[in-house]
Amino acid sequence: MRTAFGIITRVSLAALVLAAPAAAQTGLLIVAHGAGPEWNGPVRETAAQVRWDHGPIEVAFLMGAESATSGWDSALTRLVSAGARNVVVVPLMVSSFGEHYDQVRYLAGEVAELPGALAAHHGHGAASPAVPMRVTPALDAAPELAEAIAARWTGLGAEDRRRPLLLVAHGPTDESAVAGWHLSLGSVGALVQRREGIREVRAALLRDDAPAEVRAAAVAAMRDTVLALAARAADSVVVLPVMISTGAITAVRIPRDLEGLPVRYVRLPLAPLPPLARWIETSAARLLAGTR
Numbered sequence: 002m003r004t005a006f007g008i009i010t011r012v013s014l015a016a017l018v019l020a021a022p023a024a025a026q027t028g029l030l031i032v033a034h035g036a037g038p039e040w041n042g043p044v045r046e047t048a049a050q051v052r053w054d055h056g057p058i059e060v061a062f063l064m065g066a067e068s069a070t071s072g073w074d075s076a077l078t079r080l081v082s083a084g085a086r087n088v089v090v091v092p093l094m095v096s097s098f099g100e101h102y103d104q105v106r107y108l109a110g111e112v113a114e115l116p117g118a119l120a121a122h123h124g125h126g127a128a129s130p131a132v133p134m135r136v137t138p139a140l141d142a143a144p145e146l147a148e149a150i151a152a153r154w155t156g157l158g159a160e161d162r163r164r165p166l167l168l169v170a171h172g173p174t175d176e177s178a179v180a181g182w183h184l185s186l187g188s189v190g191a192l193v194q195r196r197e198g199i200r201e202v203r204a205a206l207l208r209d210d211a212p213a214e215v216r217a218a219a220v221a222a223m224r225d226t227v228l229a230l231a232a233r234a235a236d237s238v239v240v241l242p243v244m245i246s247t248g249a250i251t252a253v254r255i256p257r258d259l260e261g262l263p264v265r266y267v268r269l270p271l272a273p274l275p276p277l278a279r280w281i282e283t284s285a286a287r288l289l290a291g292t293r
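So the sequence shown is numbered by our numbering: it starts at 2 and just counts up by one.
Below, the structure is given as C-alpha cells:
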C-alpha cells in the first residue's frame, strides 16, 4: 500500500472501478510538485483553463500539506469515481530529467522502482495500478514553454527588453541529468531569442536539491554567466525563473544567489499562463492518440 507517495490498495480502487459509471472515460491527471497554498494556487488556476472532453480532470500534488487531500491517491480515487477507466498523466514539470518525473512514472506503474534518494526513504516495488495509466513527457523543449517565457518577456518595459536574458531553472540532483536540462533549455532559449529578437539568451541551473558543494558550484557558474552577459552588453541582465510556481526559491534563494550582480530579476513563475494549459491539452491528446 502506498501512503505519502501514493499507493491505493488494489482492493479498494478495484471496487471503485467496478462501481464506476458504465460509459468508459479517459481521466486526465495533472501532477505537480506541490508546496503551500501560494505555490499550489497558480497550478490550480492553470488546470482550470484546461479543456478535456474525454473524461474528468484532477490535480495531484506530490509534496506539501495538500498532498494528504489532493495527492496521488485521492486524485486517482476521484477520477475513478467519476468514471475514468484509464488515465492520462501529465506531469506539470519543467523537465523529464528529474527524480520527481521518474516518481510520477513509478506511481503510474511505468517503472518498477523509485529513483535515487526517493527509493532510500520510500522503499521499492510499485503495485500495478487498478486502471491503465500512461505518462506524457514534462515540458522539456515544448514550444508552449517558449511561449510562456516570451509572455513574461513581453510584459517587461522597453528598457528591459533591450537587455540580455538569463533563464534560471531548478535543475537536477543527478549529474547525469544535467545535460538533458541544458539541451532543452538551450532549445527553448534559442526559440525565444529568435521570436522576440533578444540580444542574447543563456540558461543556468541552480541544482537546488544537490549537495551543498554542487549547488555552490552551480550558483558560481550562474553568477559568471551574468557577469559575462553584462560585460558583452555593457548593461544589466534580465533574469527570469523557469519554474512552474512561486515559493521560497523564486522569492528568497534566487535573489540571494544574485546579490550584488547587475541584474533585473523578475520573479514571476510560469503558472498560470495560458500556454501551460494549452500544452497540457496537446500533450494529453497526443498521448491518447498514440503519437507521444
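For glycine and all other residues, C-beta sits at the position ideal for the given N, C-alpha and C.
The structure presented is a predicted model; accordingly, all values stated were derived computationally and were not measured.
- CA-CA distance, G248 to T70, rounds to 20 Å.
- Following the DSSP letters along the chain, one finds L30 inside the beta strand (DSSP E) bounded by residues Q26 to A33.
- The three-state reading of DSSP puts P92 in strand, counting E and B together.
- Approximately 4 Å separates the beta-carbon atoms of S237 and P263; this is inside 8 Å, confirming the contact.
- For V112, there is no enclosing alpha helix (DSSP H), as DSSP gives it neither H nor E.
- Shown here, A36 sits in coil according to DSSP, grouped into three states, outside any helix or strand.
- Shortest Cα-Cα distance from L93 to any of A286, G291, L288 and L277 involves L277.
- For I58, the enclosing beta strand (DSSP E) has its first and last residue at I58 to F62.
- R265 has V239 as its beta-bridge partners, per DSSP.
- For V202, the enclosing beta strand (DSSP E) begins and ends at V202 to L206.
- Distance from the CA atom of Y107 to the CA atom of R135, rounded to whole angstroms, is 11 Å.
- By the CB criterion at 8 Å, A142 and V189 fall inside the cutoff.
- The C-alpha of N87 lies about 6 Å from the C-alpha of G28.
- Looking only at D54, E59, P38 and H55, the smallest Cα-Cα distance to A48 is reached by E59.
- For M134, there is no enclosing alpha helix (DSSP H); the enclosing beta strand (DSSP E) covers residues M134 to V136.
- Of the residues L80, L206, L63 and S68, the one whose Cα lies closest to the Cα of Y102 is L63.
- Assignment of A219 by DSSP, reduced to helix, strand and coil, places it in the helix class.
- P43 sits close to P270, with the two beta carbons spaced by under 8 Å.
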